[in-house]
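First the structure, in the form of structure tokens, and then the observations on it.
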């Protein structure tokens, strides 16, 4: 079947300099800082803007769906204009969009601005993955990709934690001002420390880049990976969104700042995910992905224990499994593409964030009727389906060195 084998990679490249490693990590942080920042704020947004708490979850879906809309085209734009230039422009625009969120006058206007924030994410996310794949090879590329994913884990944490902490003391509008400041500092660091691309081959035109996306639609392994990505983010967004509501309800009764602190659990992934690159080199992506999915499901099971420490530990385990799974999937998306890698990653991101957008709202009726326990059953089923798809789409030993 076409697309089921990976393109052979050249010899390993030299290790990344510390400034490059830091810049790659910060690109991950900047890409996901805004994406989930409203998760701990849902009750406050509902009260202040006059909507039900379950409807306020659309502030997460709007951003995720914005990513899904533009992701296939972000790679084509960077194929024409260059990697670093596009990433810097996207982060600068994200600073402005985040400042605008602080001034939103209604729930509807906030949704529009959150959607705009989502439109900008692929111009960092997809392009950064392509940058790493083009500038580095072998174990260095795998380690760089894992470091980038660790940065996304840290960015997701910072967005949630800072939003919860600032909102508890200064209100939700101030939280967006703080996030804009973090993005501005990220922009300055990446501009100074990320080397300009050297392995990049500029496309002849924007249309040529879009044709590359069309070729990817005939790549069976890549399409399977896209479906895997959708299930990964469905699992992560669904678990953290409804765990936040679960922890704010009896018997836990946690406040906004406390729930924001609970979102520190993905920080475990910041430590563990860089090791995933080494494990992939030894055991292959498929084996590591299956093990990571099992860890996620086990963590979800632990959250059913009616004690805050158990729920937090379970979410930490689940998040670690999810980010390790993400390192496997993004690496395979870039490797299986062959050419036009940023377009392939963009296509992957469309499915990935579409899955996240659905994951923010689809569990709502399950949570309303069966509570958190029902959500756990749903999420475990999604994780199992993800492993089945990976078994069908990925060749045995993919990624092994």
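Numbering (our numbering), first residue to last: 22 to 422.
Glycine included, every Cβ here is placed at the ideal spot set by N, Cα and C.
- Task: Look at the alpha carbon of residue 61 and the alpha carbon of residue 291, and state the distance between them as a whole number of angstroms.
- Result: 20 Å
- Cβ-based neighbour list, residue 104, same chain, cut-off 7 Å, excluding 5 preceding and 5 following: 148, 151, 152, 218, 221
- Cβ neighbours of residue 335 in the same chain (closer than 6 Å, five flanking residues each side left out): 320, 323, 324
- Specify the secondary structure class of residue 426 as computed by DSSP and reduced to three states. Look at the range of the chain in this structure, 22 to 422, and you will see that residue 426 is not part of it.
- Message: Rounding to the nearest angstrom, what Cα-Cα distance links residue 236 and residue 71 in this structure?
- Response: 46 Å
- To the nearest angstrom, how far is it from the Cα of residue 443 to the Cα of residue 41? Not covered by the structure: residue 443. The range shown for the chain is 22 to 422.
- Item | Euclidean distance between Cα positions of residue 284 and residue 326 | 18 Å
- Query: Roughly how many angstroms separate the alpha carbons of residue 297 and residue 315, rounded to a whole number?
  - Reply: 15 Å
- Message: At a cut-off of 6 Å, would you count residue 335 as near the ligand GDP, judging by its Cβ distance to the nearest heavy atom?
- Response: Among the components of this structure there are no ligands whatsoever, and the ligand GDP is therefore not found.
- So residue 255 packs on residue 170, CB below 8 Å; how close in whole Å? So it is not a contact: roughly 17 Å between Cβ atoms.
- Message: Looking at residue 382: is its Cβ nearer than 7 Å to the Cβ of residue 78?
- Response: Closer than 7 Å, so yes.
- Compare the C-alpha of residue 400 against each of 253, 295, 349, 269 and name the closest. Residue 253 is the option with its Cα nearest to residue 400.
- Please check the pair residue 52 and residue 145, which I expect to be a contact at CB under 8 Å, by giving their CB distance rounded to whole angstroms. 4 Å
- Query: What's the C-alpha gap between residue 126 and residue 69?
  - Reply: CA-CA distance, residue 126 to residue 69, rounds to 10 Å.
- Have a look at 248, 396, 304 and flag the residue whose alpha-carbon is nearest the alpha-carbon of residue 406. Per the Cα distances, 248.
- Message: Here's the rule I'm using: 16 or more other beta-carbon atoms within 10 Å means buried, otherwise exposed. How should residue 411 be labelled?
- Response: Around the beta carbon of residue 411, 16 or more other beta carbons sit within 10 angstroms, so the residue counts as buried.
- Query: Taking only runs of the alpha helix (DSSP H) that begin and end inside the segment 359 to 409, which ones reach a length of at least 4 residues, in chain order?
  - Reply: 362 to 382
- Please work out which residues of its chain come closer than 8 Å, Cβ to Cβ, to residue 43, disregarding the five sequence neighbours upstream and downstream, and give them in chain order. Hits under 8 Å: 210, 214.
- Query: Is the CB-CB distance between residue 172 and residue 344 below 7 Å?
  - Reply: no
- Message: Tell me which residue opens and which closes the alpha helix (DSSP H) that residue 492 is part of.
- Response: The shown model of the chain, from 22 to 422, leaves out residue 492, and the question about it has no answer.
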